[in-house]
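See below for the structure under consideration.
Residue numbers (my numbering): 42 to 481.
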């Protein structure tokens, strides 16, 4: 039996109502595999604790009626039906009032598609038209959208996330209220905003959402504002900068760091523009300027260090030319490693795909991937770890401890990459010995 059924049964056996709610029901109706499994019940928190006294119980948010039951190591949040009080900080309710009605509980939720409940016997409680909106493929607030966003401004970004992930447009009044209240995003913690932003960027319909709601994303990241309708005045580019950016993001694989890099890769362009005698704009140094701005953005959003490192690398190198031969690819692999280099190819390909048709260079990026595969499949040497000689070998040959060992290994690796030396232990020993003797 699925664990959630055990929870529903135990609550019902004790005379309490219990339903699966929120994203679980939505995803089930969409034919997706639900991830989160939240349960709403008429049981008060203390009653839930008593009913599950034989299980590990965590008082997750007892003040708001939520306890977490651990079943086979899996956490299940169980929340008492409730009504929320005022949201004076526009993030959390000042108070909650428990209620006996599942319909009243559903009334406090953000969007109709998330305001449905499913009983153990398959009955769906849907007082706000969530199923109809799923069929219409729209995202609509429960009740007054202005009030919903006023309660918790993060819902503005959540609306865009659902629109991007599911490909559902926002219902007209919901969209209007989101745009009108966008500045309230400044009241939300950066960590919550960054989490929602990454999810939104990884949605399948992010190009449409970015273009349609650029003003909202610009309220979150002020550095995006100058990109709106920015004419690049360059024959390589047939789109305004914000549309080029949206297309680049959508063309990147659905990976948070790659899509963040796509979003920020050209933020430095307006600050680096110059014109030649023909009136064509150029953006020399824009990759480095974009990296500098991206660093400030990611710091402001309190991004984790791993994400910052990945995004800043990609933004700073996105304008580098495609490698022309195996030697150049090996040098990139030696310097960046396989994962970073693959991501760089992905971003450069996405960036190029959002340019004028005459300047698309898909075959160049394909060739880079082909050369990369050939190098990896042939187990060619492109890094010190692949070299058939190491520091201990050099010490045994009489090399003194210190920087000379590192310099010699780098010279040997360079020779192997260019094809000047074979990656053969005996041959490399001879070459290293000759290099040492030449210094005496």
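Glycine included, C-beta positions come from ideal geometry on N, C-alpha and C.
A quick note: this is a predicted structure, and the numbers were derived from the prediction, not measured.
- Around the CB of residue 258, 16 or more other CB atoms lie within 10 Å, so the residue is classed as buried.
- Note on geometry: alpha-carbon atoms of residue 220 and residue 253 lie some 10 Å from one another.
- Residue 260 and residue 226 have their C-alpha atoms roughly 7 Å apart.
- About 35 Å separates the beta carbons of residue 301 and residue 172, which is beyond the 8 Å limit, so they are not a contact pair.
- A straight line joining the alpha-carbon of residue 205 with that of residue 241 spans about 6 Å.
- Residue 344 has its alpha-carbon roughly 33 Å from the corresponding atom of residue 402.
- The Cβ atoms of residue 464 and residue 422 sit closer than 8 Å to each other.
- With contact defined as three or more Cβ pairs closer than 8 Å, the segment 137-155 and the segment 180-197 are in contact.
- For the segment 106-144, the full-length beta strand (DSSP E) segments reaching 3 residues or more read 107-112, 115-121, 123-125 and 137-139 along the chain.
- Put simply, the backbone Cα of residue 111 is about 26 Å away from that of residue 124.
- Excluding residues up to 5 positions away in sequence, 311 lie with their Cβ nearer than 7 Å to the Cβ of residue 267 in the same chain.
- Residue environment for residue 433: exposed (fewer than 16 other C-beta atoms within 10 angstroms of its C-beta).
- Residue environment analysis places residue 471 among the exposed positions, since fewer than 16 neighbouring C-beta atoms fall within 10 angstroms of its C-beta.
- For residue 440, the secondary structure class from DSSP, reduced to helix, strand or coil, is coil.
- By alpha-carbon distance to residue 142, the top candidate from 428, 48, 57 and 378 is 57.
- Straight across, the Cα-Cα distance linking residue 90 with residue 115 is about 17 Å.
- Under the three-state reduction of DSSP output, residue 321 falls in the coil class, being neither helix nor strand.
- Uninterrupted beta strand (DSSP E) stretches at least 3 residues long and entirely within the segment 278-352 do not occur.
- By alpha-carbon distance to residue 222, the top candidate from 196, 208, 247 and 237 is 196.
- Contact between residue 413 and residue 428 fails: their C-beta atoms lie close to 19 Å from each other, not under 8 Å.
- Residue 359 is not a Cβ neighbour of residue 386, given a cutoff of 8 Å.
- Residue pairing by DSSP places residue 102 opposite 107 in a beta bridge.
- DSSP, reduced to helix, strand and coil, places residue 363 outside both helices and strands of the structure shown, so it counts as coil.
- Taking all protein chains shown into account, residue 273 has 16 or more neighbouring C-beta atoms within 10 Å of its C-beta and is therefore buried.
- Note on residue 330: 16 or more other CB atoms within 10 angstroms of its CB, so buried under the neighbour-count rule.
- DSSP places residue 391 within a helical segment (H, G or I) once states are collapsed to three.
- Shortest Cα-Cα distance from residue 316 to any of 415, 340 and 276 involves 276.
- Residue 128 and residue 278 have their alpha carbons spaced roughly 46 Å apart.
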